[in-house]
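Colleague: Could you have a look at this structure, given as structure tokens, before my questions?
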Amino acid sequence: MKNLKISTRLTAAFAFLLFLALMLSWIGIWNARSSQDVSQEIVARQQINQLMTEWVRAVEVRANQVIGYVLVSDPEVLDHLKKGIDTNTNHITKYDEQARALFKSSESLRMYDDILALRKDYLAAMNEAFKALDSHQSIVATEIVRDKLPQLAQAYVSSIDTLRAHEEEGIQQAQARLSQQARTSELVLIIATLLAFILGPLFAWRVMRAITRPLADAVSVAQAIAANDLSREIRAGSNNEIGQLLHALGAMAGNLRDTVGEVRKGADSIASAASQISAGNLDLSSRTEE
Numbered sequence: 003m004k005n006l007k008i009s010t011r012l013t014a015a016f017a018f019l020l021f022l023a024l025m026l027s028w029i030g031i032w033n034a035r036s037s038q039d040v041s042q043e044i045v046a047r048q049q050i051n052q053l054m055t056e057w058v059r060a061v062e063v064r065a066n067q068v069i070g071y072v073l074v075s076d077p078e079v080l081d082h083l084k085k086g087i088d089t090n091t092n093h094i095t096k097y098d099e100q101a102r103a104l105f106k107s108s109e110s111l112r113m114y115d116d117i118l119a120l121r122k123d124y125l126a127a128m129n130e131a132f133k134a135l136d137s138h139q140s141i142v143a144t145e146i147v148r149d150k151l152p153q154l155a156q157a158y159v160s161s162i163d164t165l166r167a168h169e170e171e172g173i174q175q176a177q178a179r180l181s182q183q184a185r186t187s188e189l190v191l192i193i194a195t196l197l198a199f200i201l202g203p204l205f206a207w208r209v210m211r212a213i214t215r216p217l218a219d220a221v222s223v224a225q226a227i228a229a230n231d232l233s234r235e236i237r238a239g240s241n242n243e244i245g246q247l248l249h250a251l252g253a254m255a256g257n258l259r260d261t262v263g264e265v266r267k268g269a270d271s272i273a274s275a276a277s278q279i280s281a282g283n284l285d286l287s288s289r290t291e292e
């Protein structure tokens, strides 16, 4: 770490902060998408429930209309009941088409297949009663709507209610999952924010400390050299830009010491020569006087 360049350290610091920001953004996006998926599931199940409710209502109304159609002999009433039966049959067909596109789970599809199988049996018995009426076999038609159709209708409606209960349970589970997901994402965001507030300043402090302390040492060395203090030992603890600066200051201080030493030696030599010249002059002067 201490040999890393200053640019590398600053890049690492910014990259770390960017990573924290991206992590928080990713958590928010993940939470939004997951919530959207669960919400769509809830909406789809609610639509299925609504269709199943309308489906049951149409089946029950049509069952009563079929009974009336078999038992009533008034042509106008029969025509009215026949139109009602056809209308409810068309509604059920539309519900079938709409519901088929909404099912996602295999369990729901299995229950829906059971509904269609029971619907097929019910329609077969209903058509059998109509054919008996067309053949003027009113007793046979009456026996069908009295003994056979109610049981088939009950099983048919019960299968729809079973699917509706299953979808209602799925809605409750999805809502619970949505709430749990919201709590989990909130907890993760809190933890990530705390980590950002703890690790971010700590990382910045480490980077700052790794830069400012060597710089302070370099400034102190430069000030000592400016004050003619060449005795200070300079040590560079790293090979980055500041370490290279300290190496250069140390080399400069060493060169200055060598230069000062050489100058001092030269001054000593000059002083010695001057002393010898002065002694020679005194000696010459003394001899001249003699």
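For what it's worth, my numbering labels the leading residue of the sequence shown as 3, then goes sequentially. Ideal Cβ positions, reconstructed from N, Cα and C, are used throughout, including at glycine.
By alpha-carbon positions, which one of 181, 206, 254 and 205 ends up nearest to residue 224?
Modeller: Position 222 of the sequence shown, counted from the first residue, corresponds to residue 224. Distance check between residue 224 and each of 181, 206, 254 and 205 places 254 closest, using alpha-carbon atoms only.
Colleague: On the DSSP letters alone, give me the boundaries of the alpha helix (DSSP H) that residue 132 sits inside.
Modeller: What you label residue 132 is simply residue 130 of the sequence shown in a count that begins at 1. First-last of the alpha helix (DSSP H) with residue 132: 108-136.
Colleague: Please report the distance separating the alpha-carbon of residue 133 from that of residue 143.
Modeller: For this step, residue 133 is matched to residue 131 along the sequence shown. For this step, residue 143 is matched to residue 141 along the sequence shown. So the alpha carbons of these two residues sit roughly 8 Å apart.
Colleague: Between residue 159 and residue 23, what straight-line distance do the alpha-carbon atoms span, to the nearest angstrom?
Modeller: Here the question's residue 159 lines up with position 157 in the sequence shown. Here the question's residue 23 lines up with position 21 in the sequence shown. Going by the C-alpha atoms only, they are around 54 Å apart.
Colleague: Please report the straight-line C-alpha distance between residue 294 and residue 51, rounded to a whole angstrom.
Modeller: Nothing about residue 294 can be read from this structure; the chain reaches only from 3 to 292.
Colleague: My guess is that residue 1 and residue 36 are in contact by the Cβ rule of under 8 Å, so how many angstroms apart are they, rounded?
Modeller: Here the chain comprises residues numbered 3 to 292, so residue 1 is not present and cannot be evaluated.
Colleague: Does residue 264 pass the burial test, meaning 16 or more other C-beta atoms within 10 Å, or should it be called exposed?
Modeller: If you number the sequence shown from 1, residue 264 lands on position 262. Around the Cβ of residue 264, a 10 Å sphere holds fewer than 16 other Cβ atoms; the residue is exposed.
Colleague: How should residue 34 be labelled, buried or exposed, when 16 other C-beta atoms within 10 angstroms of its C-beta is the threshold for buried?
Modeller: Within the sequence shown, numbered from 1, the residue matching residue 34 stands at position 32. Its Cβ having fewer than 16 others within 10 Å, residue 34 is exposed.
Colleague: Whose C-alpha, out of 204, 227 and 25, is nearest the C-alpha of residue 192?
Modeller: Within the sequence shown, numbered from 1, the residue matching residue 192 stands at position 190. The residue from 204, 227 and 25 with its alpha-carbon nearest to that of residue 192 is 25.
Colleague: Between 65, 96 and 105, which has its C-alpha nearest residue 150's C-alpha?
Modeller: Taking the first residue of the sequence shown as 1, we reach residue 150 at position 148. Looking at the Cα atoms, 65 is the closest of the given residues.
Colleague: Expressed to the nearest angstrom, what Euclidean distance is found between the alpha-carbon atoms of residue 48 and residue 124?
Modeller: Reading the sequence shown from its first residue, position 46 is the one you call residue 48. Reading the sequence shown from its first residue, position 122 is the one you call residue 124. About 26 Å.
Colleague: Mark residue 168 as exposed unless 16 or more other C-beta atoms lie within 10 angstroms of its C-beta, in which case mark it buried.
Modeller: Indexing the sequence shown from 1 puts residue 168 at position 166. Result: buried.
Colleague: Going straight from the alpha carbon of residue 204 to that of residue 31, what length do you get?
Modeller: Stepping through the sequence shown from its first residue, residue 204 is reached at position 202. Stepping through the sequence shown from its first residue, residue 31 is reached at position 29. Distance between the alpha carbons of residue 204 and residue 31: 27 Å.
Colleague: Kindly confirm or deny that the stretch 71-84 and the stretch 96-109 touch, where touching means at least three C-beta pairs closer than 8 Å.
Modeller: At 8 Å Cβ cutoff, the stretches do not touch.
Colleague: Name the residue from 83, 70 and 58 whose alpha carbon lies nearest to the alpha carbon of residue 97.
Modeller: Translated into the one-based positions of the sequence shown, residue 97 becomes position 95. If we check each option's Cα against that of residue 97, 58 comes out closest.
Colleague: What residues in its chain sit with their C-beta under 6 Å from that of residue 187, if we drop five residues either side in the sequence?
Modeller: Taking the sequence shown and counting its residues from 1, one reaches residue 187 at position 185. Cβ within range, chain order: 33.
Colleague: Which of the three DSSP states, helix, strand or coil, is assigned to residue 105?
Modeller: Position 103 of the sequence shown holds residue 105. Here residue 105 sits in coil by DSSP.
Colleague: May I have the straight-line CA-CA distance separating residue 208 from residue 274, to the nearest angstrom?
Modeller: By one-based count along the sequence shown, residue 208 stands at place 206. By one-based count along the sequence shown, residue 274 stands at place 272. Between residue 208 and residue 274, the C-alpha separation is close to 57 Å.
Colleague: Mapping DSSP to helix, strand and coil, what is residue 187?
Modeller: Mapped onto the sequence shown, residue 187 falls at position 185. Helix, per DSSP.
Colleague: Apply the 10 Å Cβ neighbour rule to residue 2 and answer buried if 16 or more other Cβ atoms are within range, or exposed otherwise.
Modeller: Given a span of 3 to 292 for the chain in the structure shown, any question on residue 2 remains unanswerable.
Colleague: Could you have a look at residue 229 and say whether DSSP puts it in helix, strand or coil?
Modeller: Within the sequence shown, residue 229 is the residue found at index 227, counting from 1. Residue 229 falls in the coil class under three-state DSSP.
Colleague: Using a Cβ-Cβ cutoff of less than 8 Å, which residues in the same chain neighbour residue 90 once the five nearest sequence positions on both sides are dropped?
Modeller: Residue mapping note: residue 90 aligns to position 88 of the sequence shown, counting from 1. Excluding positions up to five away in sequence, the list reads 60, 61, 63, 64 and 67.
Colleague: Counting along the chain, where does the alpha helix (DSSP H) carrying residue 140 start and finish?
Modeller: Translated into positions along the sequence shown, residue 140 becomes position 138. Run containing residue 140: 140-145, per the alpha helix (DSSP H) assignment.
Colleague: Would you call residue 211 buried or exposed, if buried means 16 or more other Cβ atoms sit within 10 Å of its Cβ?
Modeller: Translated into the one-based positions of the sequence shown, residue 211 becomes position 209. Burial call: exposed.
Colleague: Whole beta strand (DSSP E) runs in the stretch 165-225 with 3 or more residues, listed along the chain?
Modeller: none
Colleague: Do residue 202 and residue 20 count as a contact pair if the criterion is CB distance below 8 Å?
Modeller: What you label residue 20 is simply residue 18 of the sequence shown in a count that begins at 1. What you label residue 202 is simply residue 200 of the sequence shown in a count that begins at 1. Not a contact, by the Cβ cut-off of 8 Å.
Colleague: So, is residue 185 buried or exposed, given that buried needs 16 or more other C-beta atoms within 10 angstroms?
Modeller: Here residue 185 is taken as the residue at index 183 of the sequence shown, counted from 1. Residue 185 is exposed by the Cβ-count criterion.
Colleague: Identify whether residue 68 lies in helix, strand or coil by the three-state DSSP scheme.
Modeller: On the sequence shown, position 66 is the one that residue 68 refers to. It is helical.
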